[in-house]
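As they're listed, the protein sequences go chains A and B. Quick note, the first sequence lines up with residues 1 to 284 if you use full-length UniProt numbering. Quick note, the second sequence lines up with residues 1 to 434 if you use full-length UniProt numbering. Heads up, the beta-carbon is just placed ideally off N, CA and C, and yes, glycines get one too. Values in this document were obtained by computation on a predicted structure and should not be read as measured data. Following: one structure in structure tokens, then a few remarks.
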Amino acid sequence: MPATGNSEALAAAFADGPAYVPYLAVGDPDYDASLEYVEALDRGGADVIELGLPFSEPIAEGPTIQGAVVRSLEGGMTPDRFFAFVEDLDVEAPLVCMTYYNLIYQYGDGDGPRDFVEKAAEVGLEGFVVPDLPAEEADPLREACDEFGLDLVFIVAPTTTGDRLERIMSRVSGYVYVQARLGTTGAKSDVADSTTESLDRLREYDVPKAVGFGISTGEHAERIVAGGADGIIVGSALVDIVAEGVEADLSTEAVADRLESLSRELKAGAERGYAARTEAAESR
Amino acid sequence: MSETEPTTTDAAELSRRPGRRRGRDDGKFGRYGGQYVPEALMPAIEELTDAYERYVLENEDGFMDEFRERLADFGGRPTPLQRAERLSERYDREVYLKREDLLHGGAHKLNNALGQVLLAKYMGKERIVAETGAGQHGTATAMAAAHLDVPCEIYMGERDINRQRPNVFRMKLNGAEVNPVTAGRGTLKEAISETMRDWATTVENTHYVIGSVVGPHPFPVMVRDFQAVISEEARAQSIEKTGDLPTDVVACAGGGSNTMGSFAAFVDDESVALHAIEAGGSTLEVDEEAGVAPNSASLFAGEEGVLHGARTKLLQDSDGQIMESHSVSSGLDYAGVGPELAYLVDEGRVTPVAVDDDDALEGFHRLSNTEGIIPALETAHAFGYLEEHAADLGERVVVTVSGRGDKDLDAAIEETDKRDVAGAPDMSMFTGGI
Chain A
1 MPATGNSEAL
11 AAAFADGPAY
21 VPYLAVGDPD
31 YDASLEYVEA
41 LDRGGADVIE
51 LGLPFSEPIA
61 EGPTIQGAVV
71 RSLEGGMTPD
81 RFFAFVEDLD
91 VEAPLVCMTY
101 YNLIYQYGDG
111 DGPRDFVEKA
121 AEVGLEGFVV
131 PDLPAEEADP
141 LREACDEFGL
151 DLVFIVAPTT
161 TGDRLERIMS
171 RVSGYVYVQA
181 RLGTTGAKSD
191 VADSTTESLD
201 RLREYDVPKA
211 VGFGISTGEH
221 AERIVAGGAD
231 GIIVGSALVD
241 IVAEGVEADL
251 STEAVADRLE
261 SLSRELKAGA
271 ERGYAARTEA
281 AESR
Chain B
1 MSETEPTTTD
11 AAELSRRPGR
21 RRGRDDGKFG
31 RYGGQYVPEA
41 LMPAIEELTD
51 AYERYVLENE
61 DGFMDEFRER
71 LADFGGRPTP
81 LQRAERLSER
91 YDREVYLKRE
101 DLLHGGAHKL
111 NNALGQVLLA
121 KYMGKERIVA
131 ETGAGQHGTA
141 TAMAAAHLDV
151 PCEIYMGERD
161 INRQRPNVFR
171 MKLNGAEVNP
181 VTAGRGTLKE
191 AISETMRDWA
201 TTVENTHYVI
211 GSVVGPHPFP
221 VMVRDFQAVI
231 SEEARAQSIE
241 KTGDLPTDVV
251 ACAGGGSNTM
261 GSFAAFVDDE
271 SVALHAIEAG
281 GSTLEVDEEA
291 GVAPNSASLF
301 AGEEGVLHGA
311 RTKLLQDSDG
321 QIMESHSVSS
331 GLDYAGVGPE
341 LAYLVDEGRV
351 TPVAVDDDDA
361 LEGFHRLSNT
371 EGIIPALETA
381 HAFGYLEEHA
391 ADLGERVVVT
401 VSGRGDKDLD
411 AAIEETDKRD
421 VAGAPDMSMF
431 TGGI
């Protein structure tokens, strides 16, 4: 697999400066509001957007995204509505689908990932992140992605080393999702030191490295990018804004404004980190 | 009974242990099994696979010897294979009961819990987490953890906590922490997801004692091997008592640990028919709109899919969202089933049958008042099956009494009140007096 991957749009997103990669669960809290929210991320400077297709048993998610999954499923989200959503979206950033393997496997004839990938390509998605699909089980999805020109992003955890890292890096394309700490997704007040070690382990691989899990502020974004990340992935901090909107009964517009404004902060932080890193490299 | 007493297990004997050849190195059973877990858990699963192969399969450091000794001294093994006199007469064939209800804790669950907590100690893990549905696996794990002096936390769905309060108390008596899980409908499925999340955070010092033959490899084969003692004993006891193998083995199936434990040593005996009795709930019809299957019959009515780390048969809607299952017995209330059982069903080696709540409840009362054994509601499904299908069975039937029914008395009273159950005690004269 070429490190640049199948999708030119994903390669371009990481080609020039740090990539800001926000995540939202599609359909949270309903279809129309969710369209507005994803478009707000785009206006806020998203370079890639991860769209979550909710699964009933999200074992890799913390409480924040579990809440989003429940709201979205209660609102009637299904794989077909997800694909319709992608077609309805008006955004510039390339789109990646984040979901669990059973939904990919069951789609269409229920006998493997090919039908889902074909449909994803048709609606204009560029790739996948599948948190419960380790490299060992991923060959059918990898093959379908290559057939339809999509990328398959894998997660590298702080515990991933040696042969496992090799196995993952020989199958990844688009970008690698560097999990900043152990555990499930969720915004934290600080980001973990294990990130730097993970980035060091990945330095020799020629594929963009996007760090996620726990990033919630521009300052986090700055530090992560200054430390060598090619991008930052932010999910729970954004989903928190949607959840607060539901709880406080805020208008769709108000929530969208907050999403756009946090996006600008995160993107600016990532750019500051990138500038600092470039400066340090030049002064050396 | 001498051949069923724990003996020194050498490697040659271990290699002859039934069932083990069916789990190949990659943990696949035909199309089923595998390791569908978040990347953060993969190193732990590889470490566990290595420990399973060394300690369980190769008896390194005498692990299996210590396990069997503790099962005997702490657990009370071997459990009897008892001829059920009234049932034998009623069904006009020999009916034998494998009495796992007499194991310490009152259910077969201790076999697995003790094995895994001991394995965790051999692996140098400092903390145990486990999920529980009915509370039987939680109480067994709490007992084993107390016995082996390891800190233990149990995740249990809020709805199950309300259904099984005495079991919550038992866990706490043994020093375990019990964490309520409020997600979803608050039953076993959500408890497993939440325990996996804990493990993904604490994987470096923690072992996840999964409660059934489900989850990613090596859990299905490892739990089967710990539970296989049920059928290893039953097989030897049957030969000793009757001079022959049974014609049929009947065991209830939720996740499938009792089922695989009851079947493992008989899988290669082609003359022995194996019947997995699932919870048919109130009906086998599903409500796609509400995402509810009012049963837990994943072998009988499920479709292939991926859940909790394995590809297996699941109760799911056409999109692949997992359904909420239902059964009168919370221990069978799970939308999936062990991948090896799914495989054995596809191969035609195991016959799945669904028994509904009504028949299970009648089975509960029948065993109680004819044999003097109050079974768990899970177990009662096997006796509901016997009543309907005894005529289809051979002349020597072994039924595993997977657990005793003390934990289910509140549920049994409530469910009995809703129905006109044959043989149920008349409690009306005591109304208000209890």
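Listed by chain order, chain B residues near residue i by CB distance under 7 Å
i              : result
R201 (chain A) : By Cβ distance, chain B contributes nothing, its closest Cβ being about 13 Å from R201 (chain A), past 7 Å.
A157 (chain A) : E39 and A40
T195 (chain A) : Those do not exist, as T195 (chain A) stays about 14 Å from chain B at its closest Cβ, beyond 7 Å.
Of the listed residues the options, nearest to residue i (C-alpha basis)
i                     : options                           : result
Q316 (chain B)        : B:D420, B:S327, B:A290 and B:S329 : B:A290
D151 (chain A)        : A:G273, A:A138, A:D163 and A:G162 : A:A138
L314 (chain B)        : B:G372, B:L386 and B:A335         : B:A335
A72 (chain B)         : B:L114, B:K98 and B:R93           : B:L114
M77 (chain A)         : A:L125, A:V26 and A:A121          : A:V26
G423 (chain B)        : B:E387, B:L48, B:P80 and B:R366   : B:R366
residue 440 (chain B) : B:G76, B:V399 and B:E285          : Within the shown structure, residues of chain B are numbered from 1 to 434, placing residue 440 (chain B) beyond reach of any answer.
A228 (chain B)        : B:R404, B:G27 and B:T400          : B:T400
I230 (chain B)        : B:N179, B:E194, B:V337 and B:L110 : B:L110
E304 (chain B)        : B:S327, B:P339, B:L284 and B:H275 : B:P339
A146 (chain B)        : B:Y91, B:Q237, B:E85 and B:K121   : B:K121
M42 (chain B)         : A:V70, A:P131, A:D146 and A:V176  : A:P131
P216 (chain B)        : A:L133, A:G127 and A:K119         : A:L133
L87 (chain B)         : B:A390, B:G403, B:E414 and B:I413 : B:A390
A46 (chain A)         : A:A275, A:A276 and A:A268         : A:A268
L393 (chain B)        : B:Y91, B:S368 and B:D101          : B:Y91
S34 (chain A)         : A:G5, A:S56 and A:V86             : A:V86
Residue i vs residue j beta-carbon contact at 8 Å
i              : j              : result
R163 (chain B) : S298 (chain B) : no
V239 (chain A) : I232 (chain A) : no
A293 (chain B) : S325 (chain B) : yes
K407 (chain B) : P166 (chain B) : yes
I154 (chain B) : A142 (chain B) : yes
A40 (chain A)  : L259 (chain A) : yes
R183 (chain A) : A200 (chain B) : Strictly speaking, residue 183 (chain A) in this sequence is Gly, with Arg absent from that position. For G183 (chain A) and A200 (chain B), yes; Cβs fall inside 8 Å.
V234 (chain A) : P29 (chain A)  : no
T170 (chain B) : T139 (chain B) : Residue identity differs from the one stated: residue 170 (chain B) is Arg in this sequence, not Thr. Cβ atoms of R170 (chain B) and T139 (chain B): closer than 8 Å.
E190 (chain B) : V178 (chain B) : no
Length of the line joining the Cα atoms of residue i and residue j
i                     : j              : result
S173 (chain A)        : A11 (chain A)  : 9 Å
L332 (chain B)        : A411 (chain B) : 14 Å
E204 (chain A)        : A229 (chain A) : 13 Å
E60 (chain B)         : R54 (chain B)  : 6 Å
R31 (chain B)         : A310 (chain B) : 10 Å
residue 458 (chain B) : H104 (chain B) : Since the first residue shown for chain B is 1 and the last is 434, residue 458 (chain B) is missing from the structure and cannot be characterised.
G135 (chain B)        : V156 (chain A) : 35 Å
F226 (chain B)        : G214 (chain A) : 39 Å
F63 (chain B)         : M196 (chain B) : 26 Å
L48 (chain B)         : P218 (chain B) : 7 Å
E244 (chain A)        : P22 (chain A)  : 18 Å
E232 (chain B)        : L245 (chain B) : 12 Å
R223 (chain A)        : A9 (chain A)   : 26 Å
E66 (chain B)         : A264 (chain B) : 21 Å
E136 (chain A)        : L165 (chain A) : 12 Å
Chain A residues whose Cβ lies nearer than 8 Å to that of residue i
i              : result
Y36 (chain B)  : Y101, D132, L133, P134 and E137
P218 (chain B) : Simply none; closest approach about 13 Å.
K189 (chain B) : E57
A183 (chain B) : Q66 and V70
Cross-chain neighbours of residue i in chain B, by beta carbon under 8 Å
i              : result
Y105 (chain A) : G305, V306 and G320
I224 (chain A) : Within chain B, no residue comes near I224 (chain A); the closest Cβ sits about 18 Å away, beyond 8 Å.
Paired residues, beta bridge with residue i - DSSP
i              : result
V181 (chain B) : B:G157
E303 (chain B) : B:L314
E50 (chain A)  : A:Y23 and A:V96
A210 (chain A) : A:Y177 and A:G231
E57 (chain A)  : In DSSP, E57 (chain A) forms no bridge with anything.
Chain A residues whose Cβ lies nearer than 9 Å to that of residue i
i              : result
M156 (chain B) : Within chain A, no residue comes near M156 (chain B); the closest Cβ sits about 17 Å away, beyond 9 Å.
Partners in chain A for residue i, counting only beta-carbon separations shorter than 7 Å
i              : result
S193 (chain B) : E57 and I59
M196 (chain B) : I59
Chain B contact residues for residue i, given Cβ-Cβ distances below 9 Å
i              : result
P79 (chain A)  : D319 and G320
L182 (chain A) : A40, A200, T201, T202, V203 and E204
R164 (chain A) : E39, M42, P43 and E46
T160 (chain A) : E39, A40, M42 and P43
Any non-hydrogen atom of the ligand PLP closer than 7 Å to residue i Cβ
i             : result
G52 (chain A) : With respect to the ligand PLP, the structure shown offers nothing to examine, as it has no ligands at all.
Below-8 Å beta-carbon distance, residue i vs any chain C residue
i              : result
T252 (chain A) : The chain inventory of the structure shown lacks chain C, comprising the protein chains A and B.
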